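Residue numbers (UniProt numbering): 1 to 223.
Since the structure comes first, as structure tokens, the remarks are kept for the end.
What follows is the structure, encoded as structure tokens:
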């Protein structure tokens with residue numbers, strides 16, 4: 001994980017990791033806990049994700065039916081000061097002598113209601129556009145549970161959300177300020193950092209049980 005960095009306009013700072021953007025969209029506090037306070041905790045979801053990505057992390061390149069596939073491809077964008085590694089990038093010939101990049105990201109589970117996965121994928125597209133000089137109109141997310149690709153168009157709204165997320169996370173790391181806990185409890189239940197993020201919430205049932213046990217012991221007649 002990288003040290004705290006300045007905003008995208010500061011070329012001297014270390015780049016924001018692409019993987020951090022997924023955390024930032026899901027919960028900006030979660031991103032700060034991981035990338036600023038260096039906290040991490042495994043759960044079933046994170047373990048499954050690591051196993052899935054191990055397939056693509058071997059790297060290499062191959063070509064089939066005219067489409068070249070590059071695995072574990074390093075990416076970067078100087079304009080936005082972001083960098084990372086794409087699981088897979090396909091290069092599709094457009095018939096005019098140009099290979100159009102098509103990022104493909106592997107994810108556990110199934111498509112989600114929030115746009116965290118889409119933002120991470122769009123950030124890869126922004127990197128590819130700067131690196132190749134070729135427009136990247138879409139990519140895809142492959143979900144292990146459904147075993148299907150979900151095509152993601154990189155429209156103006158998604159591009160705006162992606163750049164806003166980059167700037168928001170860069171500001172958090174620049175100021176070294178962790179945002180307060182969110183009130184989106186449904187997301188909290190699936191978060192591996194739940195106990196580290198909100199120890200007071202997790203500790204309440206334990207305190208309640210301890211109080212009941214003390215009251216019970218005090219109520220029992222002494223021998």
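Note that beta-carbon positions come from the ideal geometry of N, C-alpha and C, so glycine has one too.
Please read these numbers as outputs of a predicted model, since none were measured by experiment.
Query - Cβ neighbour criterion (16 or more within 10 Å) applied to residue 118 - result: buried
Query raised in the report: What first and last residue would you give for the beta strand (DSSP E) that runs through residue 148?
Result: 148-153
Query raised in the report: Could you check where the alpha helix (DSSP H) with residue 35 kicks off and where it finishes?
Result: 28-35
Requested in this report: Could you tell me whether the stretch 102-121 touches the stretch 136-148, using the rule of 3 or more Cβ pairs below 8 Å?
Outcome: yes
Query - Proximity to residue 153 [Cα-Cα], best of 146, 145, 162, 197 - result: 162
**Report entry** residue 174 versus residue 36: straight-line alpha-carbon distance, rounded
**Finding:** 10 Å
Query raised in the report: In three-state terms, what does DSSP make of residue 138?
Result: strand
**Report entry** Integer Cβ distance of residue 76 from residue 127, believed to fall under 8 Å
**Finding:** 6 Å
Requested in this report: Would you kindly check if the distance between the Cβ of residue 169 and the Cβ of residue 16 is under 9 Å?
Outcome: yes
Query - Three-state secondary structure (DSSP) of residue 23 - result: helix
Query raised in the report: Who are the Cβ neighbours of residue 23 in its own chain at under 7 Å, not counting the five residues just before and after it?
Result: 30, 31, 34
**Report entry** Per-residue DSSP class, three states only, for residue 83
**Finding:** strand
Requested in this report: Check each candidate in 13, 26, 14, 19 and name the one with the smallest Cα separation from residue 114.
Outcome: 26
Query raised in the report: How many angstroms separate the CA atom of residue 18 from the CA atom of residue 108?
Result: 17 Å
Requested in this report: Using the Cα positions of residue 178 and residue 81, report the straight-line distance between them to the nearest angstrom.
Outcome: 21 Å
Query raised in the report: Would DSSP call residue 174 helix, strand or coil?
Result: helix
**Report entry** Cβ-Cβ distance between residue 86 and residue 64 below 9 Å
**Finding:** no
Query raised in the report: Taking DSSP as the reference, what is the three-state secondary structure of residue 167?
Result: helix
**Report entry** Straight-line gap, residue 69 to residue 91 (C-alpha atoms, nearest Å)
**Finding:** 6 Å
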